[in-house]
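Colleague: Sequential numbering from 209 applies to the sequence shown in the working numbering. Ideal placement from N, C-alpha and C gives every residue a C-beta, glycine not left out.
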Amino acid sequence: MKSDIQIAQEAEMMHIKDVAATIGIPEEDLEFYGKYKAKLSDELWEEIKDRKDGKLVLVTAINPTPAGEGKTTTTVGLGQAMAKLGRKAIIALREPSLGPCFGIKGGAAGGGYAQVVPMEDLNLHFTGDFHAITSANNLLAALLDNHIQQGNELGIDPRQVVWKRCLDMNDRNLRNIVIGLGRKADGMVREDHFVITVASEIMAILCLADDIKDLKERLGRIIVAYNFKGEPVTADDLHATGAMAALLKDAIKPNLIQTLEHTPALVHGGPFANIAHGCNSVRATRMALKLSDITITEAGFGADLGAEKFMDIKCRMAGFKPDAVVLVATVRALKYNGGVAKDQLSGENLEALAKGIVNLEKHIENVQKYDVPVIVTLNSFVTDTEEEIAYVRRFCEERGCEFALSEVWEKGGEGGIALAEKVLETLENKESHFHTLYEDDLCLKAKIETIAREIYGARGVVYDPAAEKQLAKIEGMGFGNLPVCMAKNQYSLSDDATRLGRPEDFDIHIREVYVNAGAGFVVALTGAVMTMPGLPRVPAANGIDVSEDGHITGLF
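#1: If you follow the alpha helix (DSSP H) that S343 is part of, which residue opens it and which one closes it?
#2: Touch check for the segment 747 to 764 and the segment 301 to 321: three-plus C-beta pairs under 8 Å?
#3: Just to confirm, is the Cβ distance from I565 to F603 under 7 Å?
#4: Please return the same chain residues whose Cβ sits closer than 8 Å to the Cβ of T342, not counting the five positions on each side in sequence.
#5: Please confirm if the segment 258 to 265 is in contact with the segment 523 to 534, defined as three or more CB-CB distances below 8 Å between the two stretches.
#6: In the DSSP assignment, what are the bridge partners of F240?
#7: Look up A163 in the DSSP assignment and give the residues it is bridged to.
#8: In or out: S614 buried (at least 16 other Cβ within 10 Å) or exposed?
#9: Any chance you could list the alpha helix (DSSP H) runs of at least 4 consecutive residues sitting entirely within the segment 263 to 297, in chain order?
#10: Classify M525 as helix, strand or coil using the three-state DSSP reduction.
#11: Can you list, in chain order, the stretches of the beta strand (DSSP E) that have 3 or more residues and sit fully within the segment 658 to 741?
#12: If I'm right that R295 touches I431 with Cβ under 8 Å, what's the distance once you round it to whole angstroms?
#13: Specify the secondary structure class of Y434 as computed by DSSP and reduced to three states.
#14: In terms of DSSP beta bridges, what is Q466 paired with?
#15: Out of E622, E618, G621 and L627, state which residue places its alpha-carbon closest to the alpha-carbon of E610.
#16: Taking the alpha-carbon positions, what's the A654 to S700 distance?
#17: Would T734 and I718 qualify as a contact pair, given that the criterion is a beta-carbon distance under 7 Å?
#18: I need the DSSP call for I387, collapsed to helix, strand or coil.
#19: Cutting at 6 Å between CB atoms, please list the residues of its own chain near I387, excluding the five before and the five after it.
#20: Classify Q214 as buried or exposed, calling it buried when 16 or more other Cβ atoms lie within 10 Å of its own Cβ.
#21: Quick one: grab the DSSP three-state call for E756.
#22: Closest by CA to D261, which one among M685, K461 and G527?
#23: If we call anything under 7 Å between Cβ atoms a contact, is V765 one with L690?
#24: Measure the CB-CB distance between G510 and A289 and report whether it falls below 7 Å.
#25: What is the residue span of the beta strand (DSSP E) that D458 lies within?
#26: Can you tell me where the alpha helix (DSSP H) holding F491 begins and where it ends?
#27: Given a cut-off of 7 Å, decide if A549 and I299 are closer than it, judged by their beta-carbon atoms.
#28: Would you grab the beta carbon distance between G363 and D212 for me? Rounded to a whole angstrom, and I think it's under 8 Å.
#29: Could you tell me the alpha carbon to alpha carbon distance between D713 and Y544, rounded to whole angstroms?
#30: Starting from the Cα of A297, find the closest Cα among R429, T471 and T442 and give me that residue.
#31: Which residues mark the beginning and the end of the beta strand (DSSP E) in which C374 is found?
#32: Please report the distance separating the alpha-carbon of A317 from that of L652.
#33: Is it buried or exposed for K563, if we count other Cβ within 10 angstroms and need 16 for buried?
#34: DSSP has L542 in a bridge; who is on the other side?
#35: Where does E569 fall in DSSP's three states?
#36: Measure the alpha-carbon distance for E839 versus E556 and round it to whole angstroms.
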């Protein structure tokens with residue numbers, strides 16, 4: 209079979225104005241970025257805001273493995289299948305980060321015959337949203353250090369600067385740096401840090417803001433440092449809000465592209481789920497719900513991260529109520545969770561499947577805690593046997609889940625008909641009674657421990673002394689009512705990436721806690737999770753090239 213990039217490059221795309229027309233968006237409400245990409249105007253929202261919402265379907269997955277799960281592929285294929293069944297569907301996805309594209313994970317455009325296009329544009333610079341976020345983040349950092357240099361009227365304690373610079377690239381050498389070396393005119397010497405752009409609070413703010421007014425209010429609340437009295441200093445205090453908002457005025461508008469089968473896709477925002485809240489923008493999701501009968505969205509990594517944050521952060525803030533959840537797994541990934549080596553996954557192994565399927569079982573239980581109907585889908589591989597598929601089907605049905613096989617990677621929308629029909633049947637016959645996992649008035653420790661016990665299956669939570677102090681300070685500042693965003697590795701339900709399946713008798717270790725006052729949540733860092741990833745020994749960048757005629761190769 210052809211590679212993903214070959215399939216994408218050979219696709220015949222419709223002009224984006226024609227894709228928009230299929231969901232009733234007139235040309236005057238599009239801001240074009242070439243023939244195949246456009247942003248949706250602010251005026252469009254005013255035209256559609258009073259329409260009734262369509263149904264909301266979340267696609268999530270088991271914990272990711274080297275064997276692959278295909279969550280985005282399933283999301284795209286499901287949208288294509290809905291279109292084949294005559295349903296007015298829109299896909300709502302996150303934008304990919306450059307870091308993983310050049311590192312090891314790859315992009316986020318789907319795969320096979322279930323992709324969004326133009327794939328190369330999406331995975332590289334797209335419409336410049338991430339560049340705008342990076343610039344706004346680093347403008348705030350520059351204004352902060354300039355304020356200290358120019359007399360420090362606010363009394364900022366250089367030892368308590370908490371705002372970090374960012375870059376949309378995996379670069380471990382920037383995690384901990386020293387700035388201001390040189391002459392007195394070159395600034396004050398202090399320790400500084402970088403995070404990847406998708407972990408910037410500005411990324412989270414952009415994805416949670418309702419409009420420019422809300423964006424500016426959230427930007428203004430960002431805590432950048434503390435003064436010598438221990439009081440917070442904000443972006444508003446530095447008079448940085450207006451300039452940051454000016455950099456983000458276009459980035460806040462959702463992007464419209466298409467799938468290989470011309471199904472509309474709103475792709476906007478891109479916080480990682482292991483170190484941030486893992487969901488596309490509220491604006492894109494809200495527009496999709498007004499423009500379609502069915503909105504199919506996804507949340508990053510496994511359901512322990514992306515789905516939990518989708519429910520407890522995004523839905524809580526935006527008032528969304530998911531109508532169904534599709535939980536993606538593969539036979540290969542379940543066998544990997546059962547202890548089979550990556551190069552041994554092709555052979556039938558019901559014993560390993562039975563051992564590893566407990567990971568899927570825990571994710572089913574977790575989604576059911578939110579009282580939302582669950583459909584499990586197996587992303588099909590040619591090495592799957594009838595016996596293995598039948599085993600997973602029985603396992604799911606015994607736990608009150610619908611089940612469908614997905615063949616969208618190989619067959620596109622046609623391969624997702626069975627899944628689409630099962631989703632439609634669920635939407636018509638089962639009612640969602642969605643609720644969040646915890647209430648706002650719980651203390652922060654109780655929220656952390658609820659997530660750790662209920663979602664991860666932890667025995668308890670252990671806090672580093674620094675984290676204990678940070679929690680006390682955050683609650684003392686009046687932020688105890690905020691939801692919690694857990695930063696945890698994606699590979700395990702625990703904070704130890706090597707513990708696969710369904711770990712038991714483990715504690716979650718909290719080493720640092722900080723407040724994203726603008727985004728509106730508290731971040732708890734667990735284990736060894738990093739907010740600035742590094743590159744692998746052989747980065748994917750080594751195999752990427754562009755020909756003299758501008759033809760990109762090696763991207764996937």
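Modeller: Reading it off the structure:
#1: D337 to Q357
#2: yes
#3: yes
#4: C374, L375, D376, T405 and S408
#5: yes
#6: A246
#7: A question about residue 163 goes unanswered here, because the residues of the chain that appear run from 209 up to 764.
#8: buried
#9: 279 to 292
#10: helix
#11: 668 to 671, 692 to 695, 715 to 724 and 729 to 734
#12: Not quite, the Cβ-Cβ distance comes to about 45 Å (not below 8 Å), so this is no contact.
#13: strand
#14: V325 and P472
#15: L627
#16: 22 Å
#17: yes
#18: strand
#19: D400
#20: exposed
#21: coil
#22: G527
#23: The structure shown has nothing for residue 765, since the chain only spans 209 to 764.
#24: no
#25: Looking at the DSSP string, D458 is not in any beta strand (DSSP E), and its letter there is neither H nor E.
#26: Checking the sequence shown, residue 491 turns out to be Arg, not Phe. Counting along the chain, the alpha helix (DSSP H) containing R491 begins and ends at V490 to L499.
#27: no
#28: Wrong, their Cβ atoms sit about 54 Å apart, outside the cutoff.
#29: 21 Å
#30: T471
#31: R373 to L375
#32: 36 Å
#33: buried
#34: The partner list for L542 (beta bridge, DSSP) is empty, contrary to what the question assumes.
#35: helix
#36: Lying before the first or after the last residue shown, residue 839 is absent from the chain, which here runs from 209 to 764.
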